[in-house]
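Using this note's numbering, read the sequence shown as starting at 299 and increasing by one per residue. All C-beta atoms in this analysis are idealised placements derived from N, C-alpha and C, irrespective of residue type, glycine included. Working notes for the structure below.
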Amino acid sequence: MDHDQLIDLTRRALKLARDKSTDLAAGVHMVDAADYTSTERHERDRALLMASPQLVGYVSELPRPGAYCTKTVMGRAVLLSRTSDGSVKAFDNVCLHRQSQVVTGCGTAKRFTCPYHAWTYDNTGRLVAVPGREGFPDVALRSDGLTELPAAEYAGFLWVALQPGATLDVAAHLGPLADELDSWGIGRWSPLGEKVLDSPINWKLAVDTFSENYHFATVHRDTFATIARSNCTAFDSYGPHHRLVFPLNTILDLDDVPEERWDPFHNLVVIYALFPNIVLSVTVANGELFRIYPGDRPGRSITVHQNSTPLDLSDESVAAGAQAVFEYAHATVRDEDYRLVEALQANLESGARDHLLFGRNEPGLQHRHLSWATAIAG
Ligand code: FES
Ligand SMILES: [Fe+2]
Numbered sequence: 299m300d301h302d303q304l305i306d307l308t309r310r311a312l313k314l315a316r317d318k319s320t321d322l323a324a325g326v327h328m329v330d331a332a333d334y335t336s337t338e339r340h341e342r343d344r345a346l347l348m349a350s351p352q353l354v355g356y357v358s359e360l361p362r363p364g365a366y367c368t369k370t371v372m373g374r375a376v377l378l379s380r381t382s383d384g385s386v387k388a389f390d391n392v393c394l395h396r397q398s399q400v401v402t403g404c405g406t407a408k409r410f411t412c413p414y415h416a417w418t419y420d421n422t423g424r425l426v427a428v429p430g431r432e433g434f435p436d437v438a439l440r441s442d443g444l445t446e447l448p449a450a451e452y453a454g455f456l457w458v459a460l461q462p463g464a465t466l467d468v469a470a471h472l473g474p475l476a477d478e479l480d481s482w483g484i485g486r487w488s489p490l491g492e493k494v495l496d497s498p499i500n501w502k503l504a505v506d507t508f509s510e511n512y513h514f515a516t517v518h519r520d521t522f523a524t525i526a527r528s529n530c531t532a533f534d535s536y537g538p539h540h541r542l543v544f545p546l547n548t549i550l551d552l553d554d555v556p557e558e559r560w561d562p563f564h565n566l567v568v569i570y571a572l573f574p575n576i577v578l579s580v581t582v583a584n585g586e587l588f589r590i591y592p593g594d595r596p597g598r599s600i601t602v603h604q605n606s607t608p609l610d611l612s613d614e615s616v617a618a619g620a621q622a623v624f625e626y627a628h629a630t631v632r633d634e635d636y637r638l639v640e641a642l643q644a645n646l647e648s649g650a651r652d653h654l655l656f657g658r659n660e661p662g663l664q665h666r667h668l669s670w671a672t673a674i675a676g
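Structure, rendered in structure tokens:
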């Protein structure tokens, strides 16, 4: 984000904080409880995600030619590699023989040897060696290979399409938000790993917990609310995506500082809601990524939480500090947000009430649900 834009946003956020106000939607909005519980909606949601470009990680997870990383996306095992020409490729991480995962974790390798019977693939996915070759007369070395998925690096992130042969147009998907996302650089910061939450909540309920800060004073009273304001958000939408700016408590100190001396990014958290299932949380020190997937039933979801840092992790104490911050953020989401909404999911499934109410002060929540509903109707 350029400096002028950041100053503008800071001015907006400061005014909201000073006025004890928040950006408001035009009206309240209601959604059906069944959106979170019905099998039919769940199948439509799954189809929506399968058809959408999927942000799966930071470009810094593939730092140089020969690097690879593995991901689980919508329950599918995906292998990404940076080939010798520097381009990114993605494959189903599924062996041609009996479907073992060919590789796990991340690292650097020219070849991947399946742990089961040692069929071997190069990092462009081609099958290059089969022990006991006479057992497989129809297998063709160098022309057979892993199933390739469309892949791209864009705006600092790794993207895949989950359907082989699909078009992956991330530029069209992100529209005008692409440059802004890229400008933070969080996708090029050092990755700190992945933490997974397998939760008894609908995937949209998981996303909802990131869509407003109205709950900070209550749910996060002793954690986030000690540094960030509650029920105070600047909201902007970009097609199906949106951005929330959460002011920190320190923003009020700017009242006494001339604008040209502002260090604006020390007073904000910026949250991006990328359609349909991605949350990015950007601060001066952390580039958090939440990839949220529907599970095998409406009341189950998988959240993959990642974080990146601009700090130099070659210093051991710095690296330990960065991990501690990541663990703190993760524990807060797990023990405060997700724990609370587990009982909410149970209420939805009980049928006690047939709808939920989204306030005017929850424009991000309204926007997420309207974007999903529009896509599903289309
Ligand atoms: S399943 Fe991979 S070599 Fe047999
Ligand atoms: Fe929260």
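Hey, how far is the Cα of ALA324 from the Cα of ASP496?
-> 35 Å
Kindly examine ligand 1 and report whether one of its heavy atoms sits closer than 8 Å to the Cβ of TYR334.
-> no
Grouping DSSP H, G and I as helix and E and B as strand, with all else coil, what is VAL442?
-> A small fix is needed here, since residue 442 is Asp in this sequence, not Val. Looking at ASP442 - three-state DSSP - the assignment turns out to be coil, as it is neither helix nor strand.
In its own chain, which residues sit with a C-beta less than 6 Å from the C-beta of PHE410, not counting the 5 before and 5 after it?
-> VAL400, VAL401, TYR419
Enumerate in chain order the residues of its own chain whose CB-to-CB distance from ASP343 is below 6 Å, with the five nearest sequence positions on each side excluded.
-> PRO592
Could you pull the start and end residues of the alpha helix (DSSP H) that ARG348 belongs to?
-> Looking at the sequence shown, residue 348 is not Arg but Met. It spans 337-349 - the alpha helix (DSSP H) in which MET348 sits, taken as one unbroken run.
How many Å lie between SER319 and ILE674 at the Cα?
-> 33 Å
Looking only at DSSP bridge pairs, what is PRO545 linked to?
-> LEU566
CB-CB under 7 Å to HIS415, same chain, minus the five flanking residues each way: which ones, in chain order?
-> HIS395, PRO429
Where does the unbroken beta strand (DSSP E) through LEU495 begin, and where does it stop?
-> 488-497
Relative to ligand 2, is the shortest distance from any of its heavy atoms to the C-beta of GLU634 smaller than 8 Å?
-> yes
How far does the alpha helix (DSSP H) with ASN645 in it reach, from first residue to last?
-> 637-648
For VAL517, is the beta carbon positioned less than 8 Å from some heavy atom of ligand 2?
-> yes
According to DSSP, is LEU456 helix, strand or coil?
-> strand
Assuming ASN565 and LEU546 make a contact with CB atoms under 8 Å, what is their CB distance in whole Å?
-> 5 Å
Stretch pair the stretch 367-379 + the stretch 471-486: three plus CB contacts closer than 8 Å | no
Say whether chain B places a C-beta atom closer than 9 Å to the C-beta of VAL580.
-> You won't find chain B in this structure, because it holds only one protein chain.
For ILE576, write down the residues that DSSP places opposite it in a beta bridge.
-> LEU572, ARG589
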